[in-house]
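Read in order, the letters of the sequence shown correspond to residues 42 to 634 in the numbering used here.
Think of the CB as a built atom: it goes at the ideal place given N, C-alpha and C, for glycine as much as any other residue.
Inspection log for the structure reproduced underneath, given as C-alpha cells.
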Amino acid sequence: MSRRNKNKHQNNKRETVTFTEKDFLPTTRAEMDARGWDFCDVILVSGDSYIDSPFIGIAMVGRMLERMGYRVGVIAQPDVNSADDIMRLGEPKIYWGISGGSVDSMVSNYTATKKFRNSDDYTPGGKNDRRPDRAVNVYCNLIRRYYKNTVPLVLGGIEASLRRTSHYDYWTNKMRKPILFDAKADILVYGMGEMAIEELTRALEKGEEYRDIRGICYISKEPKEEYIQLPSHQECIDTPERYIDLFDDFYDNNDPISARGLCQPVDTRYLIQNPPCDYLNEDEMDANSNLPFTREQHPYYEKMGKVKCLETIKFSIMTHQGCWGECNFCAIGVHQGRTIRTRSEENILAEAKSFNKYKDYKGIISDVGGPTANMYGYECNKKLKLGTCAHQRCVDSRHLCGSMEVNHERNINLLRQIRDVEGVRKAFVASGIRYDFITADKEHGYSYLKELVKHHISGQMKVAPEHTQQHVLDLMGKPAKSTLVDFKEMYDRLNREEGKQQFLTYYLIAAHPGCNEKDMHELKRFTSEELQMNPEQAQIFTPTPSTYSAVMYYTEMDPVTRKKIFVEKDMRRKEKQKEIVIKKDKFVSGFAS
Numbered sequence: 042m043s044r045r046n047k048n049k050h051q052n053n054k055r056e057t058v059t060f061t062e063k064d065f066l067p068t069t070r071a072e073m074d075a076r077g078w079d080f081c082d083v084i085l086v087s088g089d090s091y092i093d094s095p096f097i098g099i100a101m102v103g104r105m106l107e108r109m110g111y112r113v114g115v116i117a118q119p120d121v122n123s124a125d126d127i128m129r130l131g132e133p134k135i136y137w138g139i140s141g142g143s144v145d146s147m148v149s150n151y152t153a154t155k156k157f158r159n160s161d162d163y164t165p166g167g168k169n170d171r172r173p174d175r176a177v178n179v180y181c182n183l184i185r186r187y188y189k190n191t192v193p194l195v196l197g198g199i200e201a202s203l204r205r206t207s208h209y210d211y212w213t214n215k216m217r218k219p220i221l222f223d224a225k226a227d228i229l230v231y232g233m234g235e236m237a238i239e240e241l242t243r244a245l246e247k248g249e250e251y252r253d254i255r256g257i258c259y260i261s262k263e264p265k266e267e268y269i270q271l272p273s274h275q276e277c278i279d280t281p282e283r284y285i286d287l288f289d290d291f292y293d294n295n296d297p298i299s300a301r302g303l304c305q306p307v308d309t310r311y312l313i314q315n316p317p318c319d320y321l322n323e324d325e326m327d328a329n330s331n332l333p334f335t336r337e338q339h340p341y342y343e344k345m346g347k348v349k350c351l352e353t354i355k356f357s358i359m360t361h362q363g364c365w366g367e368c369n370f371c372a373i374g375v376h377q378g379r380t381i382r383t384r385s386e387e388n389i390l391a392e393a394k395s396f397n398k399y400k401d402y403k404g405i406i407s408d409v410g411g412p413t414a415n416m417y418g419y420e421c422n423k424k425l426k427l428g429t430c431a432h433q434r435c436v437d438s439r440h441l442c443g444s445m446e447v448n449h450e451r452n453i454n455l456l457r458q459i460r461d462v463e464g465v466r467k468a469f470v471a472s473g474i475r476y477d478f479i480t481a482d483k484e485h486g487y488s489y490l491k492e493l494v495k496h497h498i499s500g501q502m503k504v505a506p507e508h509t510q511q512h513v514l515d516l517m518g519k520p521a522k523s524t525l526v527d528f529k530e531m532y533d534r535l536n537r538e539e540g541k542q543q544f545l546t547y548y549l550i551a552a553h554p555g556c557n558e559k560d561m562h563e564l565k566r567f568t569s570e571e572l573q574m575n576p577e578q579a580q581i582f583t584p585t586p587s588t589y590s591a592v593m594y595y596t597e598m599d600p601v602t603r604k605k606i607f608v609e610k611d612m613r614r615k616e617k618q619k620e621i622v623i624k625k626d627k628f629v630s631g632f633a634s
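Written out as C-alpha cells, the structure reads:
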C-alpha cells in the first residue's frame, strides 16, 4: 500500500471531535452559569470574532490565564452603540483586557488610499461592519460609559503595542499621543508580552505594586529619571526631526537583554515604558502551543457567519516567533522582537498529528512557518548573549551581518519529518521566505529550496523583493536586485531538474518614501525584461505606526542621513505609480513589447 493510500485509510478510521460552547472560554452569561461562575476574573474584549486559535492573540491570552486558574470571559466585536454586549458577562473582578484585534483597526478598515474596505476576514460573514475605527479607544470608552470607576483597563495586541509612544497617524495626518492617553486606559502590555501578562495578572489580583513589571507601559505624574528621556510629544509636533530622535531610541530599546526603559513627557504627565519582558524559551513556547485550542470560531459567533481567516490558520503551524529581517515598512520586529524563539521539532510534529482528529482535515497543512519561514532553527550567538545591536542591523539592503550564520539544516529536517507524520498529504510553506538568506547559505540554501520546490509549494512561490531601484531598496531595507536574479536562476534550475512548472510571484510596493514615477518605470522595465513577467501583487505603501518608513513619510527625511527625500503624498499619483507597474505587457520572443 502506498504511503498516501495508507494515510487515507488511517484517516477513515480516525476518531473525530465535535466542539461545543463548553470547550471555549465563555462569551455569554449562560456559559458562565453552566460553569457555576458568578463572575469573571478577566474579561477580554477584541476587535475580531472569537476564534480559538494559537494564531489569535486574545485566544492565546485567555488560554494562558485559564491555565493559571483564572476565570476568563471573551466579548468579541461588541456593539458600541448599546450596553447589551459589553455588559452581558458583568464586570470582571481583576481587569478588562482590550485588543483592537489581529490587525490595527485603521489598517483593517482602510486601503492605502484611505478608501473603506468592505470585507474583513476576522468578522463573521466577511462583511466589514463590526470593527470600529480606533477600536482600542472605542472599546475603552464603551466600558467607561457603562462601568464607572471600574477595575483597570489593560491594553494589548498590535494596535496598542505599535502606538505606545507618540506616533504619526496616517489617517489623520498628524502626530498622535501615546494610546494610553487617547484611550484613557491604565496599563499597556506591549509586544508578545506573555511573561508580563502573567506577572501583571497576579499583581493586580493581590493588589500589589505593578509598575516595575517588565513589558508594560503606564502613565505617571513624575518622570523616571533613570530611564532614557525621549523627546516630548510637543517637540515631535514642533520639530519633525525630533520624532526621528524619539523613534531611534524606541527602536533600539526593544530587546529584553539590552534595552533600557523609556520616559516621554506628554503634556503635564509622562509615558513610562519599562524594559521588555523576557522572551519565552523553547519549553515555554511548546507549553503555550499545547493549550487546549479548539481551532474553531465560537458557536455564538459562527451562527452569524463564518470567518474567512480560518481557511488559512486552522491547519497551519507556527514554528517560531520574531523576525530580524528589519524591513523598514514592517512592524513585526518591533512587536514580536528581533530574536527568533523556536518550538521543538517534537512539539511541532505532535501538532501536525493532532489535526487528524478534525473531521474537516483533508491532510493539507496550509502553512509551516512564522513571520519569515526560513528563520526557524538558528540565531546569532552574539545576540543571544548580549541582545540586539543598538546601531547595526542583522541584515540591510547591502549585506548580511557576518555574525549571523544562516543555516537551513534544522528547517530542512523539520520539513522532512512533517511529511512523514501520519495523515499529512501536503504541507505548504506559505509564510514569507527571505530569498537572500537562501543564496547566503552556501551549505544548505540550495537543499532547502529544493525541498520547497519538490514538496512544499503548489504552482507558484511568493517572494517579496518590493522594488529594484537601489536607492529605494536602501530606504526599504531590502536586498539588492542582483540577489533576486541569483535566486531566480536557482529556482528555475531546480524546477527544471524536478520536471515542474512552478512560477515565482512577486510582491511589490508603489509610492514608498524615496520612490517616484521614474523609479516605477524602471521597476516595470526590470520585471518585463529581466523577470519576464507582469506583476500582479503590487500595493501602495501604507505608513503604519512604529515603522521607520512611516517616520520617513512624516518627516520627508532619510532617518539615517537626515537628508530630505521625495515622498509622494498625492493619492492620484500614488495610484499612478501602482498602475505603471501592473500594466499588462505582451511578451514576444523573450522580450516585452
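Residue environment for Pro165: buried (at least 16 other C-beta atoms within 10 angstroms of its C-beta). Val601 counts as exposed, since fewer than 16 other beta carbons sit within 10 angstroms of its beta carbon. Annotation for Phe544: the continuous beta strand (DSSP E) segment containing it runs Phe544 to Ala551. For Met517 against His508, the beta-carbon gap comes to about 6 Å, under 8 Å, which counts as contact. Nearest to Arg336 by C-alpha distance, out of Asn397, Glu323, Asp293 and Asn294, is Asn397. Unbroken beta strand (DSSP E) runs of no fewer than 3 residues, entirely contained in the stretch 474 to 556, are found at 501 to 507 and 544 to 551, following chain order. Counting every other CB atom within 10 Å of its CB across the protein chains shown gives Asp560 a total of 16 or more, marking it as buried.
Per DSSP, the unbroken alpha helix (DSSP H) holding Asp279 starts and ends at His274 to Asp279. In the structure shown, His449 adopts coil according to DSSP, grouped into three states. Distance from the CA of Glu484 to the CA of Leu85, rounded to the nearest whole angstrom, comes to 47 Å. For Glu609, same chain residues with a beta-carbon under 6 Å away, outside a window of 5 residues either side, are Ala552 and Lys615 in chain order. One alpha carbon belongs to Ala591, the other to Met147, and they sit about 14 Å apart. The three-state secondary structure of Ala468, taken from DSSP, is strand. Here Val58 carries a coil assignment [DSSP, helix/strand/coil]. Assigned with DSSP and collapsed to three states, Phe582 falls in coil, not helix or strand.
For Cys181, the enclosing alpha helix (DSSP H) stretches over residues Ala176 to Tyr187. Going by DSSP, Gln573 is part of no alpha helix (DSSP H) at all; its letter is neither H nor E. With contacts defined by Cβ atoms closer than 7 Å, Asp120 and Glu200 do not form a contacting pair. The beta-bridge partner set that DSSP reports for Pro306 consists of Tyr311. Arg158 is bridged by DSSP to nothing; it lacks a bridge partner.
In the DSSP annotation of this structure, the continuous segment of the alpha helix (DSSP H) that includes His376 starts and ends at Ile373 to Gln377. The C-beta separation of Gly411 from Thr360 comes to about 5 Å, placing the pair in contact by the 8 Å criterion. At the C-beta level, Gly98 and Ser140 come within 7 Å of one another. The beta carbon of Gln510 lies closer than 6 Å to those of Asp560 and Glu563 in the same chain, with the five residues before and after it left out.
Along the stretch 381 to 438, the alpha helix (DSSP H) occurs as fully enclosed runs of 4 or more residues at 386 to 395 and 422 to 427, listed in sequence order. Within the same chain, Cβ atoms closer than 6 Å to the Cβ of Asp437 are found at Gly518, the five residues on either side in sequence being excluded. Between the alpha carbons of His497 and Arg301 lies a distance of about 42 Å.
The Cβ neighbour count for Val58, taken over all protein chains shown within 10 Å, is under 16; the residue is labelled exposed. Judged by DSSP in its simplified three-state form, His208 adopts strand.
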